[in-house]
Amino acid sequence: MTERFVVSIDQGTTSTRCIVFDRRGQLVSLAQQEHKQFFPRPGWVEHDAMEIWRNVERLAPRVLRRAGIGLDQVAALGIANQRETTVLWDASTGVPIGRAIIWQDTRTDALVHELSARPGAKEVEERSGLPLATYFSGPRLMWILEHTPGLRERAERGEVLCGTMETWLIWKLTGGVDGGRHVTDVTNASRTMLLDVRTLRWSRESLDFFGIPAAMLPEVRPSVGVFGTAVAAFPGVRIGAALGDQQAALFGQTCFTPGEAKCTYGTGSFLLLNTGTELVPAQNGLLSTVAYQIAGEPAAYALEGSIAITGSLVQWFRDQLELISSAPEIETLARTVADNGGCYIVPAFSGLYAPYWRSEARGVIVGLTSYITKGHLARAVLEATAWQTREVVDAMNANSGLALRTLKVDGGMTADNLLMQMIANVLDVPLVRPLAVETVSLGAAYGAGLAVGYWPDLDGLRQNWHIAGQWMPAMDPSVRDHEYANWRRAVERTFDWIQPAQ
Ligand SMILES: Nc1ncnc2c1ncn2[C@@H]1O[C@H](COP(=O)(O)OP(=O)(O)OP(=O)(O)O)[C@@H](O)[C@H]1O
Ligand SMILES: [Mg+2]
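Residue numbers for the sequence shown, in full-length UniProt numbering: 1 to 502.
Below, the structure is given as structure tokens:
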């Protein structure tokens, strides 16, 4: 019998990856393509949805060729995607309407501020499990409808479709204008503010609050279950799963039991704690979110701590300040000094997410003296990720009533040993990293494989998890407390930087 495999698409913020996995969950081949980041104004960030689709079409044959396999050997396709990024397109031509507005974009700042004062705002937050913030898709959709003449009328007539990136890709994969399926999964839907996170249906009241015509929204489906069969890119292959990238990473880390947590260190960093089939109302600046839903089963929920800027601070250090020429050099540079020299960088580039949710905050570098070198700055860049994790873990422990005992980590930044040690030090818990670092892709593949019976059950997947790295905390508690207090004072300096327009 010919061997069979599962393929995943990880449609991320900076790039799209296609990966072929085998039955043991091992990576067989990978193909990756970056896409253009558009920054048309300060705070605005956009992607070209058509460019991203073309990348998928290009990556598909490439990744199969590299694996030396044919389409007939692909058992299923799973999709993971950057979350909250919003795209609209014409239902009859398939052409995107404007650019996709990405999750980091803060153009809805004033709108969100105004919405929070409207009657019904508290109820929207309660139903969705999310605080009103620029981060989520609902306000973004409202903004687009308000700023594009005639769009609302066309949307009401069903001429315009919208979705997050998995919705766009599934529609294109399953035929586009020729019968493409207009669907989303519960994890992505749970990031719009339009979903009732308990019933897992679009909320009529929330749609009215944002003025969103129901006709433009995709159908909400379980994350793991067949969405349709591809006719493009992977013709003939069933699409077995779609999950937001962070939920996919939780799945790929096999955090299937309540109490298990992971943090993925990429462009931003996102800590998710599985809380089981009962939704735990979020407090302390965390989010209640859907972790995953397997077709025919109740959904599993998670508490999430979202940090907007971590790896992208390293990118900024590289591309905008040009103090290093590749991301890994940040570690080398940081190791040229013994400590931060009293310097702290708080990267509130798009406001602060968890646990503060302050859209008016902007980044600061504090503690500058003539003593500070670029080595100290490099340290402060890495420490920013560590302290932001600490703040989220503190909130998580308080919210869940459990103390985190160990943290599973993954993502591009986990290649940085100095950073991993810093995080273990400031959390005072061990970090563990699995052999499979592409956990986002792996989670999407696991979901797709489960949906078509390629893998029998969750227990089988757990057997595939193998430890590859571990960091034990080693920091004097008094130093930790002192540094943490400094960090928090630095954070306070970012507040209220952007003043409301007069
Ligand atoms: N050795 C390193 N030390 C610190 N940061 C690093 C290192 N290597 C990579 N990074 C950072 O990690 C990030 C890339 O991580 P990863 O590949 O997981 O992100 P990604 O999945 O591509 O992001 P996205 O899904 O948002 O497109 C980049 O922001 C980069 O700056
Ligand atoms: Mg990613």
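No residue lacks a Cβ here, since even glycine has one placed at the ideal position from N, Cα and C.
Practice task
Classify residue 262 as buried or exposed, calling it buried when 16 or more other Cβ atoms lie within 10 Å of its own Cβ.
Solution key: As a working mapping, residue 262 is identified with position 262 in the sequence shown. Buried.
Exercise for the section: Can you give me the start and stop residues for the alpha helix (DSSP H) that residue 425 sits inside? Expected result: The residue given as residue 425 occupies position 425 in the sequence shown. Where residue 425 is concerned, the enclosing alpha helix (DSSP H) stretches over 417 to 427.
Exercise for the section: Within its chain, find whatever has a CB closer than 6 Å to the CB of residue 20; leave out the 5 residues flanking it on each side and keep chain order. Expected result: Residue mapping note: residue 20 aligns to position 20 of the sequence shown, counting from 1. Within the same chain, residue 20 has close Cβ partners 5, 7, 28, 29, 63 and 67.
Handout entry: Identity of the residues DSSP links to residue 229 by a beta bridge
Key = Stepping through the sequence shown from its first residue, residue 229 is reached at position 229. Partner(s): 238.
Practice task
Could you work out which residue in 346, 375, 319 and 367 is closest to residue 335 when comparing CA atoms only?
Solution key: The residue given as residue 335 occupies position 335 in the sequence shown. The residue with the shortest Cα to Cα distance from residue 335 is 375.
Exercise for the section: For residue 502, collect the residues of the same chain with a Cβ closer than 8 Å to its Cβ; drop the 5 residues on either side in sequence, then sort them by chain order. Expected result: Position 502 of the sequence shown, counted from the start, is the residue given in the question as residue 502. Residue placement at residue 502 is flagged as unreliable, the pLDDT there being 49, under the threshold of 50; the coordinate-derived value follows with that caveat. Excluding positions up to five away in sequence, the list is empty.
Practice task
Counting only the same chain and skipping the five closest in sequence on each side, list residues whose C-beta sits under 6 Å from that of residue 473.
Solution key: As a working mapping, residue 473 is identified with position 473 in the sequence shown. So the qualifying residues of the chain are 424, 425 and 428.
Exercise for the section: Assign residue 385 to one of three DSSP states: helix, strand, or coil. Expected result: In the sequence shown, the residue the question calls residue 385 occupies position 385. In this structure, residue 385 counts as helix in the three-state DSSP scheme.
Exercise for the section: Check whether the Cβ of residue 328 sits closer than 7 Å to any heavy atom of ligand 1, and report yes or no. Expected result: Here residue 328 refers to the residue found at position 328 of the sequence shown. Yes, the beta carbon of residue 328 sits closer than 7 Å to at least one heavy atom of ligand 1.
Exercise for the section: Report the three-state DSSP secondary structure of residue 265 (helix, strand or coil). Expected result: Here residue 265 refers to the residue found at position 265 when the sequence shown is read from its first residue. In this structure, residue 265 counts as strand in the three-state DSSP scheme.
Problem - Classification of residue 69 by the beta-carbon crowding that lies within 10 angstroms, buried from 16 upward - result: To locate residue 69, count along the sequence shown from 1; it is residue 69. Burial call: buried.
Problem - CB contact flag (residue 81, residue 245, <8 Å) - result: Position 81 of the sequence shown holds residue 81. Position 245 of the sequence shown holds residue 245. Against a cut-off of 8 Å, the Cβ pair of residue 245 and residue 81 comes out as a contact.
Practice task
Note down, in chain order, each residue of its chain lying with its Cβ closer than 6 Å to the Cβ of residue 490, except the 5 sequence neighbours on either side.
Solution key: As a working note, residue 490 is residue 490 in the sequence shown. Answer for residue 490: 344, 346 and 366, listed in chain order.
Handout entry: Classification of residue 172 by the beta-carbon crowding that lies within 10 angstroms, buried from 16 upward
Key = Within the sequence shown, residue 172 is the residue found at index 172, counting from 1. It counts as buried.
Problem - Under the three-state DSSP convention, the category residue 410 falls into - result: Position 410 of the sequence shown, counting from 1, holds the residue named residue 410. In the structure shown, residue 410 sits in a strand (DSSP, three-state: E or B).
Handout entry: Secondary structure of residue 20, DSSP reduced to three states
Key = Here residue 20 is taken as the residue at index 20 of the sequence shown, counted from 1. The answer is strand: DSSP assigns residue 20 an E or B state.
Problem - First through last residue of the alpha helix (DSSP H) which encompasses residue 441 - result: Within the sequence shown, numbered from 1, the residue matching residue 441 stands at position 441. Unbroken alpha helix (DSSP H) run through residue 441: 439 to 451.
Exercise for the section: Note down the Cα distance separating residue 488 from residue 72, rounded to an integer number of angstroms. Expected result: In the sequence shown, residue 488 corresponds to position 488, counting from 1. In the sequence shown, residue 72 corresponds to position 72, counting from 1. Taking the straight line joining both Cα atoms gives about 55 Å.
Problem - Backbone CA spacing between residue 255 and residue 234 [nearest angstrom] - result: For the purposes of this step, residue 255 is identified with residue 255 of the sequence shown, where counting begins at 1. For the purposes of this step, residue 234 is identified with residue 234 of the sequence shown, where counting begins at 1. Residue 255 and residue 234: Cα-Cα distance of roughly 29 Å.
Practice task
Please find out if some non-hydrogen atom of ligand 1 comes closer than 7 Å to the beta-carbon of residue 322.
Solution key: Locating residue 322 in the sequence shown gives position 322, counting from the first residue. No, since every heavy atom of ligand 1 falls outside the 7 Å radius drawn around the Cβ of residue 322.
Practice task
With DSSP as the reference, label residue 502 as helix, strand or coil.
Solution key: Against the sequence shown, residue 502 aligns to sequence position 502. Because residue 502 carries a pLDDT of 49, less than 50, the predicted location of this residue cannot be relied on, and the following value inherits that uncertainty. Residue state, collapsed to three classes: coil.
Handout entry: residue 34 vs residue 99 beta-carbon contact at 8 Å
Key = Start at 1 with the first residue of the sequence shown, and residue 34 comes out as number 34. Start at 1 with the first residue of the sequence shown, and residue 99 comes out as number 99. Not closer than 8 Å, so no.
Handout entry: Helix, strand or coil at residue 376 [DSSP, three-state]
Key = Looking up residue 376 in the sequence shown gives position 376. Helix.
Practice task
Would you kindly check if the distance between the Cβ of residue 288 and the Cβ of residue 298 is under 8 Å?
Solution key: For this step, residue 298 is matched to residue 298 along the sequence shown. For this step, residue 288 is matched to residue 288 along the sequence shown. No, Cβ-Cβ distance for residue 298 and residue 288 is not below 8 Å.
Problem - Neighbour-count burial assignment, residue 180, 16 or more Cβ in a 10 Å radius - result: As a working note, residue 180 is residue 180 in the sequence shown. Counting Cβ neighbours within 10 Å, residue 180 comes out buried, since at least 16 surround it.
Handout entry: Nearest-angstrom Cα separation, counted from residue 493 out to residue 445
Key = In the sequence shown, counting from the first residue as 1, residue 445 sits at position 445. In the sequence shown, counting from the first residue as 1, residue 493 sits at position 493. If I take the Cα positions, the gap works out to 43 Å.
Practice task
Below 7 Å CB to CB, which residues in the same chain sit around residue 136 once its five sequence neighbours on both sides are set aside?
Solution key: Mapped onto the sequence shown, residue 136 falls at position 136. Result list for residue 136: 84, 130, 191, 192 and 193, in chain order.
Practice task
Report yes or no: do the segment 388 to 408 and the segment 306 to 318 share at least 3 C-beta pairs separated by less than 8 Å?
Solution key: yes
Problem - Cβ separation of residue 331 and residue 417, assumed to be a contact under 8 Å, to the nearest whole Å - result: Translated into positions along the sequence shown, residue 331 becomes position 331. Translated into positions along the sequence shown, residue 417 becomes position 417. Rounded, the Cβ-Cβ distance is 7 Å, consistent with contact.
Exercise for the section: Could you say which of 257, 104 and 174 lies nearest to residue 166 if we only look at CA atoms? Expected result: Here residue 166 refers to the residue found at position 166 of the sequence shown. The residue with the shortest Cα to Cα distance from residue 166 is 174.
Handout entry: Bridge-paired residues (DSSP) for residue 331
Key = Within the sequence shown, the letter at position 331 stands for residue 331. Residue 331 pairs with nothing; no bridge assigned.
Exercise for the section: For my contact list, residue 105 and residue 160 are in at a C-beta cut-off of 8 Å; report their separation, rounded to the angstrom. Expected result: As a position in the sequence shown, residue 105 is number 105, starting the count at 1. As a position in the sequence shown, residue 160 is number 160, starting the count at 1. In fact, because the Cβ distance is near 20 Å, the residues do not count as touching under 8 Å.
Problem - Touch test, the segment 439 to 458 against the segment 225 to 244, Cβ-Cβ under 8 Å, three pairs minimum - result: yes
Practice task
Indicate whether residue 156 and residue 215 have their beta-carbon atoms separated by less than 8 Å.
Solution key: Translated into positions along the sequence shown, residue 156 becomes position 156. Translated into positions along the sequence shown, residue 215 becomes position 215. Yes, the pair counts as a contact, with Cβ atoms nearer than the cut-off.
Handout entry: Continuous beta strand (DSSP E) stretch holding residue 295: start and end
Key = On the sequence shown, residue 295 is found 295 positions in, with the first residue counted as 1. Per DSSP, residue 295 belongs to no beta strand (DSSP E) and is neither H nor E.
Problem - Which residues DSSP lists as bridging residue 286, in chain order - result: Within the sequence shown, the letter at position 286 stands for residue 286. Its beta-bridge partners do not exist; DSSP assigns none.
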